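Residues are numbered in our numbering as their position in the sequence shown, beginning at 1, plus a constant of 186.
Backbone N, C-alpha and C fix where the C-beta goes; we use that ideal spot for every residue, glycine too.
The structure presented is a predicted model; accordingly, all values stated were derived computationally and were not measured.
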Amino acid sequence: MRYLFLLLFVITSNAAIAAFSIKQVAQGIYVHQGPIELPDVRNHDAIANIGFIVGKKCVAVIDSGGNPAQGRLLKSTIQKITATPICYVINTHVHPDHIFGNSAFKDIANIKFIGHAKLSRAMAARGAFYIARSMEQIAVNLTEKDIIPPSISVKDFLKLDLGGRILELKAYPTAHTDNDLTVFDKKTNTLWMSDLLFVGHLPVLDGSLKGWLNVIAELEKQSFDVVIPGHGPIDRDWPKSVQAEKHYLQKLATNVRAKIKQGKYLEDVLQDDDSIFKAQWQLFNEFHKKNLSSAFAELEWED
187 MRYLFLLLFV
197 ITSNAAIAAF
207 SIKQVAQGIY
217 VHQGPIELPD
227 VRNHDAIANI
237 GFIVGKKCVA
247 VIDSGGNPAQ
257 GRLLKSTIQK
267 ITATPICYVI
277 NTHVHPDHIF
287 GNSAFKDIAN
297 IKFIGHAKLS
307 RAMAARGAFY
317 IARSMEQIAV
327 NLTEKDIIPP
337 SISVKDFLKL
347 DLGGRILELK
357 AYPTAHTDND
367 LTVFDKKTNT
377 LWMSDLLFVG
387 HLPVLDGSLK
397 GWLNVIAELE
407 KQSFDVVIPG
417 HGPIDRDWPK
427 SVQAEKHYLQ
437 KLATNVRAKI
447 KQGKYLEDVL
457 QDDDSIFKAQ
467 WQLFNEFHKK
477 NLSSAFAELE
487 WED
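Listed below in C-alpha coordinates is the structure:
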(Lines of atoms letter the chains of each structure in order from A; the text may use other names.)
(Lines give C-alpha, C1' and ligand atoms only; values in the text may rest on other atoms or scores of the structure.)
Protein backbone atom coordinates (compact mmCIF):
# COMPACT_ATOMS: atom_id res chain seq x y z
CA MET A 187 0.00 0.00 0.00
CA ARG A 188 2.88 2.37 0.87
CA TYR A 189 4.51 1.54 -2.49
CA LEU A 190 1.26 2.37 -4.28
CA PHE A 191 1.02 5.72 -2.44
CA LEU A 192 4.61 6.60 -3.35
CA LEU A 193 3.98 5.60 -6.97
CA LEU A 194 0.87 7.77 -7.12
CA PHE A 195 2.79 10.64 -5.53
CA VAL A 196 5.52 10.38 -8.16
CA ILE A 197 2.97 10.22 -10.96
CA THR A 198 1.03 13.26 -9.73
CA SER A 199 4.24 15.18 -9.03
CA ASN A 200 5.49 14.45 -12.54
CA ALA A 201 2.15 15.56 -13.93
CA ALA A 202 2.39 18.83 -11.99
CA ILE A 203 5.91 19.39 -13.31
CA ALA A 204 4.82 18.65 -16.85
CA ALA A 205 2.01 21.18 -16.49
CA PHE A 206 4.38 23.94 -15.31
CA SER A 207 4.53 26.64 -17.94
CA ILE A 208 5.88 30.16 -17.88
CA LYS A 209 4.76 33.07 -20.04
CA GLN A 210 6.34 36.46 -20.64
CA VAL A 211 3.47 38.89 -20.03
CA ALA A 212 5.53 42.08 -20.46
CA GLN A 213 9.15 42.72 -21.35
CA GLY A 214 11.22 40.80 -18.80
CA ILE A 215 8.22 39.76 -16.66
CA TYR A 216 7.39 36.06 -16.54
CA VAL A 217 4.35 34.44 -14.91
CA HIS A 218 3.26 30.90 -14.23
CA GLN A 219 -0.54 30.91 -13.96
CA GLY A 220 -1.75 28.42 -11.39
CA PRO A 221 -5.00 26.46 -11.76
CA ILE A 222 -8.11 27.68 -9.97
CA GLU A 223 -8.39 24.79 -7.54
CA LEU A 224 -8.38 23.97 -3.86
CA PRO A 225 -5.04 22.69 -2.55
CA ASP A 226 -4.98 18.89 -2.56
CA VAL A 227 -2.75 15.82 -2.80
CA ARG A 228 -2.74 16.06 -6.59
CA ASN A 229 -1.71 19.70 -7.08
CA HIS A 230 0.42 19.93 -3.88
CA ASP A 231 -0.82 23.51 -3.35
CA ALA A 232 0.85 24.67 -6.58
CA ILE A 233 -2.18 26.82 -7.36
CA ALA A 234 -1.02 30.46 -7.20
CA ASN A 235 0.30 32.75 -9.90
CA ILE A 236 4.05 32.97 -9.38
CA GLY A 237 6.97 34.22 -11.44
CA PHE A 238 9.90 36.59 -11.78
CA ILE A 239 11.16 39.88 -13.17
CA VAL A 240 14.51 40.18 -14.96
CA GLY A 241 16.76 43.24 -14.79
CA LYS A 242 20.25 43.74 -16.15
CA LYS A 243 21.90 42.91 -12.83
CA CYS A 244 19.33 40.92 -10.86
CA VAL A 245 16.26 38.71 -11.02
CA ALA A 246 13.47 39.15 -8.48
CA VAL A 247 11.20 36.17 -7.81
CA ILE A 248 7.63 37.16 -7.01
CA ASP A 249 6.16 34.40 -4.84
CA SER A 250 7.93 31.07 -4.91
CA GLY A 251 5.09 28.55 -5.02
CA GLY A 252 3.15 26.18 -2.81
CA ASN A 253 5.84 23.58 -2.11
CA PRO A 254 9.63 23.22 -2.30
CA ALA A 255 9.50 21.17 -5.52
CA GLN A 256 7.62 23.95 -7.28
CA GLY A 257 10.19 26.41 -5.99
CA ARG A 258 13.00 24.28 -7.43
CA LEU A 259 11.15 24.07 -10.72
CA LEU A 260 10.72 27.84 -10.79
CA LYS A 261 14.42 28.32 -10.02
CA SER A 262 15.54 25.96 -12.78
CA THR A 263 13.17 27.65 -15.21
CA ILE A 264 14.66 31.05 -14.40
CA GLN A 265 18.16 29.70 -14.91
CA LYS A 266 17.18 28.31 -18.31
CA ILE A 267 15.71 31.64 -19.42
CA THR A 268 18.43 33.98 -18.15
CA ALA A 269 21.99 33.93 -16.82
CA THR A 270 21.20 36.98 -14.65
CA PRO A 271 21.60 36.05 -10.98
CA ILE A 272 18.60 35.72 -8.67
CA CYS A 273 19.00 38.37 -5.98
CA TYR A 274 15.57 38.60 -4.36
CA VAL A 275 12.58 36.44 -3.43
CA ILE A 276 9.58 38.66 -2.73
CA ASN A 277 6.61 37.17 -0.89
CA THR A 278 3.38 39.09 -1.42
CA HIS A 279 1.69 37.65 1.70
CA VAL A 280 1.69 34.67 4.06
CA HIS A 281 -0.62 32.15 2.37
CA PRO A 282 1.12 28.81 1.81
CA ASP A 283 0.59 28.62 -1.95
CA HIS A 284 2.83 31.71 -2.23
CA ILE A 285 5.66 31.00 0.25
CA PHE A 286 6.58 27.33 0.43
CA GLY A 287 8.91 27.40 -2.56
CA ASN A 288 11.21 29.79 -0.66
CA SER A 289 13.52 27.04 0.59
CA ALA A 290 14.53 26.22 -3.00
CA PHE A 291 16.31 29.59 -3.19
CA LYS A 292 18.02 29.76 0.21
CA ASP A 293 21.28 28.21 -1.08
CA ILE A 294 21.86 31.12 -3.50
CA ALA A 295 24.71 33.33 -2.30
CA ASN A 296 23.57 36.70 -0.92
CA ILE A 297 19.90 36.00 -1.67
CA LYS A 298 17.50 38.39 0.05
CA PHE A 299 13.95 37.46 1.04
CA ILE A 300 11.55 40.41 1.14
CA GLY A 301 8.08 40.79 2.59
CA HIS A 302 5.65 43.02 4.45
CA ALA A 303 6.76 44.16 7.91
CA LYS A 304 4.09 41.87 9.41
CA LEU A 305 5.01 38.83 7.31
CA SER A 306 7.54 37.35 9.76
CA ARG A 307 4.99 37.45 12.57
CA ALA A 308 2.35 35.88 10.33
CA MET A 309 4.72 33.09 9.30
CA ALA A 310 5.57 32.41 12.94
CA ALA A 311 1.90 32.35 13.94
CA ARG A 312 0.70 30.14 11.09
CA GLY A 313 3.74 28.10 10.13
CA ALA A 314 3.19 25.23 12.57
CA PHE A 315 -0.40 24.80 11.37
CA TYR A 316 0.62 24.83 7.71
CA ILE A 317 3.31 22.23 8.39
CA ALA A 318 1.07 19.99 10.50
CA ARG A 319 -1.57 19.66 7.81
CA SER A 320 0.82 19.49 4.84
CA MET A 321 1.17 15.73 4.37
CA GLU A 322 -2.53 15.02 4.80
CA GLN A 323 -3.79 17.94 2.74
CA ILE A 324 -1.22 18.31 -0.04
CA ALA A 325 0.96 15.16 0.24
CA VAL A 326 4.12 17.19 0.91
CA ASN A 327 6.17 16.74 4.08
CA LEU A 328 6.89 20.35 4.95
CA THR A 329 9.17 21.15 7.91
CA GLU A 330 10.27 24.19 9.86
CA LYS A 331 13.18 24.54 7.42
CA ASP A 332 10.64 25.43 4.73
CA ILE A 333 9.55 28.55 6.63
CA ILE A 334 11.85 31.27 5.30
CA PRO A 335 10.92 34.69 6.76
CA PRO A 336 11.97 37.95 5.10
CA SER A 337 15.46 39.29 5.69
CA ILE A 338 14.22 42.66 4.42
CA SER A 339 10.88 43.97 5.72
CA VAL A 340 8.75 46.61 4.01
CA LYS A 341 6.88 48.83 6.41
CA ASP A 342 5.60 51.31 3.85
CA PHE A 343 7.56 51.50 0.61
CA LEU A 344 10.78 50.09 -0.86
CA LYS A 345 12.56 50.56 -4.18
CA LEU A 346 14.66 47.78 -5.69
CA ASP A 347 17.05 48.39 -8.57
CA LEU A 348 17.41 45.25 -10.68
CA GLY A 349 19.69 47.07 -13.11
CA GLY A 350 17.91 49.29 -15.61
CA ARG A 351 14.67 48.35 -13.91
CA ILE A 352 13.19 49.84 -10.75
CA LEU A 353 10.64 47.89 -8.74
CA GLU A 354 8.45 49.72 -6.24
CA LEU A 355 7.22 47.56 -3.37
CA LYS A 356 4.30 48.83 -1.33
CA ALA A 357 3.01 47.46 1.97
CA TYR A 358 -0.69 47.91 2.74
CA PRO A 359 -2.82 48.13 5.88
CA THR A 360 -4.92 45.02 6.53
CA ALA A 361 -6.88 44.02 3.41
CA HIS A 362 -6.83 40.51 1.92
CA THR A 363 -4.46 39.71 4.82
CA ASP A 364 -2.60 41.91 7.30
CA ASN A 365 0.62 41.50 5.28
CA ASP A 366 -0.21 42.33 1.65
CA LEU A 367 2.53 43.63 -0.62
CA THR A 368 2.37 44.76 -4.26
CA VAL A 369 5.22 45.04 -6.76
CA PHE A 370 5.15 47.75 -9.42
CA ASP A 371 7.47 47.65 -12.41
CA LYS A 372 7.89 51.19 -13.74
CA LYS A 373 9.51 50.02 -16.98
CA THR A 374 6.40 48.23 -18.26
CA ASN A 375 3.76 49.89 -16.05
CA THR A 376 2.95 46.46 -14.59
CA LEU A 377 1.44 45.93 -11.14
CA TRP A 378 1.94 42.53 -9.50
CA MET A 379 -1.14 42.70 -7.32
CA SER A 380 -1.18 39.07 -6.17
CA ASP A 381 -4.13 38.14 -3.91
CA LEU A 382 -5.39 41.69 -3.67
CA LEU A 383 -6.94 40.74 -7.02
CA PHE A 384 -8.81 37.52 -7.77
CA VAL A 385 -10.02 36.90 -11.32
CA GLY A 386 -12.47 34.02 -11.73
CA HIS A 387 -11.57 32.60 -8.30
CA LEU A 388 -13.90 33.87 -5.55
CA PRO A 389 -12.07 36.51 -3.46
CA VAL A 390 -11.01 35.05 -0.11
CA LEU A 391 -11.20 37.33 2.92
CA ASP A 392 -8.50 36.74 5.53
CA GLY A 393 -8.03 40.29 6.76
CA SER A 394 -10.35 43.29 6.60
CA LEU A 395 -13.29 43.72 4.25
CA LYS A 396 -13.27 47.49 4.71
CA GLY A 397 -9.52 47.62 4.30
CA TRP A 398 -9.63 45.60 1.09
CA LEU A 399 -12.27 47.90 -0.41
CA ASN A 400 -10.10 50.89 0.54
CA VAL A 401 -7.11 49.38 -1.30
CA ILE A 402 -9.25 48.74 -4.39
CA ALA A 403 -10.53 52.32 -4.29
CA GLU A 404 -6.94 53.57 -4.14
CA LEU A 405 -5.63 51.38 -6.94
CA GLU A 406 -8.52 51.72 -9.37
CA LYS A 407 -7.76 55.43 -9.68
CA GLN A 408 -4.40 54.53 -11.20
CA SER A 409 -3.56 53.33 -14.70
CA PHE A 410 -1.67 50.11 -15.36
CA ASP A 411 -0.90 48.35 -18.63
CA VAL A 412 -0.68 44.90 -17.05
CA VAL A 413 -2.02 43.67 -13.68
CA ILE A 414 -1.05 40.25 -12.34
CA PRO A 415 -3.59 38.71 -9.94
CA GLY A 416 -2.80 36.08 -7.35
CA HIS A 417 -5.26 33.70 -9.00
CA GLY A 418 -6.75 33.78 -12.47
CA PRO A 419 -5.68 35.16 -15.85
CA ILE A 420 -3.44 38.16 -16.42
CA ASP A 421 -5.36 41.43 -16.81
CA ARG A 422 -4.78 44.07 -19.48
CA ASP A 423 -8.01 45.98 -18.96
CA TRP A 424 -7.51 47.77 -15.66
CA PRO A 425 -9.55 48.90 -13.76
CA LYS A 426 -12.43 47.10 -15.46
CA SER A 427 -11.19 43.71 -14.30
CA VAL A 428 -11.34 44.60 -10.60
CA GLN A 429 -15.00 45.59 -10.76
CA ALA A 430 -16.34 42.05 -10.25
CA GLU A 431 -14.24 41.63 -7.11
CA LYS A 432 -15.20 45.10 -5.90
CA HIS A 433 -18.91 44.43 -6.48
CA TYR A 434 -18.74 41.11 -4.61
CA LEU A 435 -16.98 42.65 -1.61
CA GLN A 436 -19.34 45.66 -1.56
CA LYS A 437 -22.37 43.37 -1.72
CA LEU A 438 -20.88 41.22 1.03
CA ALA A 439 -20.53 44.30 3.25
CA THR A 440 -24.02 45.62 2.42
CA ASN A 441 -25.76 42.30 3.07
CA VAL A 442 -23.95 41.58 6.33
CA ARG A 443 -24.52 45.11 7.64
CA ALA A 444 -28.22 44.79 6.85
CA LYS A 445 -28.50 41.52 8.76
CA ILE A 446 -26.62 42.97 11.73
CA LYS A 447 -28.98 45.97 11.75
CA GLN A 448 -31.92 43.54 11.80
CA GLY A 449 -30.44 41.91 14.89
CA LYS A 450 -29.55 38.70 13.09
CA TYR A 451 -26.90 36.32 14.41
CA LEU A 452 -24.09 34.71 12.43
CA GLU A 453 -26.08 31.50 12.04
CA ASP A 454 -28.80 33.49 10.24
CA VAL A 455 -26.29 35.27 8.02
CA LEU A 456 -24.78 31.96 6.94
CA GLN A 457 -28.21 30.76 5.79
CA ASP A 458 -28.61 33.61 3.33
CA ASP A 459 -28.99 32.72 -0.33
CA ASP A 460 -26.30 34.61 -2.25
CA SER A 461 -26.47 32.30 -5.25
CA ILE A 462 -26.62 35.29 -7.61
CA PHE A 463 -22.82 35.29 -7.27
CA LYS A 464 -22.37 31.58 -7.73
CA ALA A 465 -22.34 31.62 -11.53
CA GLN A 466 -19.73 34.39 -11.56
CA TRP A 467 -17.10 32.75 -9.37
CA GLN A 468 -15.27 29.46 -9.21
CA LEU A 469 -14.93 27.93 -5.71
CA PHE A 470 -17.95 29.92 -4.50
CA ASN A 471 -19.28 27.11 -2.32
CA GLU A 472 -15.85 26.55 -0.80
CA PHE A 473 -15.21 30.14 0.34
CA HIS A 474 -18.38 32.24 0.45
CA LYS A 475 -19.53 31.18 3.92
CA LYS A 476 -16.05 31.76 5.26
CA ASN A 477 -16.21 35.27 3.81
CA LEU A 478 -19.58 35.81 5.47
CA SER A 479 -18.14 34.73 8.83
CA SER A 480 -15.12 37.02 8.46
CA ALA A 481 -17.26 39.96 7.38
CA PHE A 482 -19.69 39.44 10.26
CA ALA A 483 -16.86 39.34 12.81
CA GLU A 484 -15.45 42.58 11.45
CA LEU A 485 -18.69 44.52 10.98
CA GLU A 486 -20.60 43.41 14.06
CA TRP A 487 -18.94 46.00 16.28
CA GLU A 488 -18.27 48.81 13.83
CA ASP A 489 -19.49 52.30 14.76
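Query, Result
"Through-space distance from P282 to I248, alpha-carbon basis", "14 angstroms"
"For G313, the three-state DSSP class (helix, strand or coil)", "helix"
"Buried or exposed (CB count within 10 angstroms, at least 16 for buried), G350", "exposed"
"Three-state secondary structure (DSSP) of E406", "coil"
"Segment contact flag, the region 325-345 with the region 203-220, C-beta cutoff 8 angstroms, min 3 pairs", "no"
"Burial state of T376 (16 or more Cβ within 10 Å)", "buried"
"Beta strand (DSSP E) segment containing E354, residue limits", "I352 to A357"
"G220 - DSSP class collapsed to helix/strand/coil", "coil"
"Strand pairing of I215, partner residues [DSSP]", "A212 and I239"
"Minimum C-alpha distance to Q210 - residue among H433, D423, V412 and G449", "V412"
"Spatial distance of D392 from V280 (CA atoms)", "11 angstroms"
"Straight-line Cα distance separating T270 from G301", "22 angstroms"
"Pair within 9 angstroms by beta-carbon distance, F473 and L395", "no"
"When P225, S409, K432 and I297 are compared against R422, the one with the closest alpha-carbon", "S409"
"Residues near I338 in its chain [Cβ-Cβ closer than 6 angstroms; skip 5 each side]", "K298 and I300"
"9 angstroms Cβ cutoff met for K331 and I352", "no"
"Same chain, Cβ closer than 6 angstroms to L452, neighbours up to 5 away in sequence not counted", "F482"
"Buried or exposed by the 16-neighbour rule on C-beta atoms within 10 Å, applied to T440", "exposed"
"One or two residues paired with T368 in a DSSP bridge", "K356"
"Backbone CA spacing between I414 and Q457 [nearest angstrom]", "34 angstroms"
"Cross-strand partners of L346 (DSSP beta bridge)", "L353"
"DSSP bridge partner residues for W378 (one or two, in chain order)", "V369 and I414"
"Straight-line Cα distance separating G237 from I203", "Bear in mind that a pLDDT of 46 at I203, under 50, signals an unreliable position, so the model cannot answer this."
"7 angstroms Cβ shell around A318 - same chain, five flanking residues per side excluded", "none"
"Assigned secondary structure, S480 (DSSP; H/G/I helix, E/B strand, else coil)", "helix"
"Residues sharing a beta bridge with H302, DSSP", "V340"
"Cα-Cα separation, F370 to N253", "25 angstroms"
"Identity of the residue in S480, A303 and N477 nearest N365 by Cα", "A303"
"Nearest residue (CA-CA) to S479, options V442, L469, K464 and A361", "V442"
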